[in-house]
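Per the UniProt record's numbering, the sequence shown starts with residue 1, numbered consecutively.
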Amino acid sequence: MSERVAVRKTYKLFIGGKFPRSESGRSYLVQSSNVSLASRKDARDAVVAARTAVKGWAGATAYNRGQILYRAAEMLEGRREQFVALGVPGDEVDAAVDRWVWYAGWADKLAQVYGGANPVAGPYFNISAPEPTGVIAVVAPERPALLGLVSVIAPAIVTGNTVVVAASPSEPLAAVTLAEVLATSDLPGGVVNILTGAITETAPALAAHMDVNAIDLTGVIDPALATDLEVKAAENLKRVLRPASADYDWFADPGLGRMTALLETKTVWHPKGV
């Protein structure tokens with residue numbers, strides 16, 4: 001009997017809750033696997049999916065969003081060994097699970113911490129409440145591939161935003177495997193969209209896209225590329241989160257900054273009446 005030849009897996013993009021190949025038909029080789037090489041058209045498709053999902057996701061109760069993030073943590077925990085087999089350290093997988101749970105716990109508490117009644121002079125009630133920004137484009141950090149990815153996705157979606165992520169081009173397997181985790185959790189399609197390939201192709205398309213409300217440049221390590229993306233983002237006044245420092249500790253307590261940076265504050269004035 002001839003020796004069996006293993007089937008090489010082709011990892012696809014994650015757009016709108018589905019796993020399409022790149023419309024360009026391109027792929028590149030990573031660790032004996034083929035990974036889809038996303039094009040600018042794929043980036044535009046991902047933005048459309050994210051925009052379509054905004055209304056339902058932002059309109060869900062904070063408690064429901066927290067439960068869905070917790071479910072994602074459960075599914076990730078159940079596939080721990082698969083991530084380890086891909087080369088992700090076990091302590092990083094554990095930290096990623098804990099990060100999902102941590103953000104899930106904040107889902108129904110942010111409104112109480114960052115919203116409330118404001119004292120004003122006059123016969124009015126003045127109430128402020130946090131609201132999601134909308135569609136967020138994210139350039140994920142190169143390393144740690146899994147924990148870094150979770151650390152930029154979770155704070156964006158727990159607050160009601162939807163995301164289009166340009167994953168680490170050198171270590172994309174953690175990202176596309178996380179997409180498989182999210183697809184089997186309760187997360188609605190389009191809330192998280194993951195693009196693999198060259199960020200020099202997808203990130204500029206996302207930065208210039210007029211239907212993207214903010215861009216997180218955390219994973220951009222080239223200063224020239226970061227500047228170019230900021231210039232493109234300025235064309236429609238996108239909110240820009242600057243790249244993380246080279247010595248940023250992804251295992252440290254994340255704090256609330258990433259959540260609050262992607263929130264808008266809505267303030268309502270209401271007369272008290274007679």
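All C-beta atoms in this analysis are idealised placements derived from N, C-alpha and C, irrespective of residue type, glycine included.
Is the stretch 7-20 touching the stretch 125-136, taking contact as three or more C-beta pairs under 8 Å?
no
Cβ of Pro169 within 7 Å of any heavy atom in the ligand ZN?
Of ligands this structure carries none, so the ligand ZN is not represented either.
Checking 8 Å against the spacing of the C-beta atoms, do Ala50 and Val164 come in under that value?
yes
Within the stretch 103-147, note down every full alpha helix (DSSP H) run reaching 4 residues or more, in order along the chain.
110-114
Thinking C-beta only, is Ala205 closer than 8 Å to Leu229?
no
Distance, Thr177 Cα to Asn64 Cα:
24 Å
Integer Cβ distance of Gly59 from Pro188, believed to fall under 8 Å:
About 11 Å; that fails the 8 Å criterion.
Pro155: buried (16+ other C-beta within 10 angstroms of its C-beta) or exposed?
buried
For Ala96 and Glu180, I'd like the C-alpha separation in whole angstroms.
15 Å
Can you tell me whether Lys12 is buried or exposed, with buried defined as 16 or more other CB within 10 angstroms of its CB?
buried
Following the continuous alpha helix (DSSP H) through Asp216, name the residue where it begins and the one where it ends.
From DSSP, Asp216 is part of no alpha helix (DSSP H) but of the beta strand (DSSP E) over 214-216.
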